[in-house]
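Engineer: Offset between the sequence shown (1-based) and the working numbering: plus 5.
For every residue, glycine included, the Cβ atom is placed at its ideal position computed from N, Cα and C.
What follows is a single structure, and I will ask about it in a moment.
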Amino acid sequence: MIEQQDEKDLVLGCIRGDKRYQKMLYDLYGKKMYGVCLRYCQNKDVAKDVMQDAFVKILTNIGQFKFTGPLEAWMRRIMVNTSIQFYRNSISLKEVELSEAHGEIWYDDTFSKLSKDEILKLIQNLAPGYRTVFNLYVIEGYSHAEIGEMMGINENTSKSQLFRARVILQEEIKKMYLK
C-alpha cells in the first residue's frame, strides 16, 4: 500500500507528464490491474490489450482524480469500465427472461478445493456476457440495476446471465471432479 503523500506525488508527477512517474504508476499497479482485466477477458492477450487501453485512459484523465478515495480504486473502476466497453463494442447480449433460464444450482464445498488458476480459467471460459455479469456482481459487488445500466441491458437480463453463469460454472466443476 502506497502512503497518501507518496500517492499524491505520484499523481502530480503523472499530471505533469513525467515519464518516471508514469512508469512508477504502471510498476506499482500494473500486475493487479492486469488481474482485474484478466477476469473479464477470454485470454491473456485480450486482457493485456484492454489493460493497455485502460492505462492510456488513466494517464489521459489522471487530472480528474480528486484524492477522495484510494487511487487504486479509481484505477480499478477504469479497468472494469474499459473491459465492459470492449465487450459492448464486440458482442451483444441475448436478452433472456429469468423464467427462461434453466439449470439447477448445486451446493457443495467443491469450489473451495479449486486453485485460483482453475477458477480463473473456468470464468474465462464463460461466454463474454456471462463472464462480465458474473465478475461485476460476484467479484466487484455491483447490483443488477447498476450492471444493467453499465452494460445497456435490463436488470432481469443481468439476473438471468448471472444465473446461467453459475449453472455453467457448477457443471464444469462437476465434470472436473466426477471424472
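If you draw a straight line from the alpha carbon of Y135 to that of W79, how long is it in whole angstroms?
Structural biologist: Rounded to the nearest angstrom, the two C-alpha atoms are 24 Å apart.
Engineer: Could you give the distance in angstroms between the alpha-carbon of M38 and the alpha-carbon of V51?
Structural biologist: Spanning the two alpha carbons is a distance of roughly 13 Å.
Engineer: Kindly list the residues whose CB is nearer than 8 Å to the CB of V55, restricted to its own chain and excluding five residues on each side of it in sequence; keep chain order.
Structural biologist: Here the set comprises C42, Y45, C46, M84, T87, S88 and F91.
Engineer: Rounded C-beta distance between L76 and V16? I'm assuming under 8 Å.
Structural biologist: About 6 Å; that satisfies the 8 Å criterion.
Engineer: I'd like the list of long-range same chain contacts for L167, defined as Cβ closer than 7 Å, with 5 residues on each side in sequence excluded.
Structural biologist: So the list reads V138, F139 and Y142, once near-sequence residues are dropped.
Engineer: Closest to C3 by CA distance: which of V61, G74, K49 and K126 is it?
Structural biologist: Only positions 6 to 184 of the chain appear in the structure, and residue 3 is not among them; the question remains open.
Engineer: What first and last residue would you give for the alpha helix (DSSP H) that runs through A150?
Structural biologist: Looking at the DSSP string, the run of the alpha helix (DSSP H) that includes A150 is H149 to M156.
Engineer: If distances are taken between C-alpha atoms only, which option among P133, K164 and L127 comes closest to S148?
Structural biologist: Nearest option by C-alpha distance: K164.
Engineer: Might you give, ordered along the chain, the residues of its own chain that have their beta carbon closer than 7 Å to the beta carbon of Q27, omitting 5 neighbours on each side?
Structural biologist: Same-chain partners within the cutoff: C19 and L64.
Engineer: Do you know offhand how far G170's Cα is from L131's?
Structural biologist: Correcting the residue type first, residue 170 is Ala in the shown sequence and not Gly. The alpha-carbon atoms of A170 and L131 are separated by roughly 7 Å.
Engineer: Would L174 and L125 be called neighbours here (beta carbons separated by less than 8 Å)?
Structural biologist: Taking 8 Å as the Cβ cut-off, L174 and L125 do not qualify as a contacting pair.
Engineer: Roughly how many whole angstroms lie between the Cα atoms of L33 and M156?
Structural biologist: Computed Cα separation, rounded: 29 Å.
Engineer: Report the CB separation of N48 from Q129 in whole angstroms; it is logged as a contact under 8 Å.
Structural biologist: So it is a contact: roughly 7 Å between Cβ atoms.
Engineer: Let me know the alpha helix (DSSP H) ranges lying completely inside the segment 28-69, each 4 residues or longer, listed in chain order.
Structural biologist: Runs found: 49-66.
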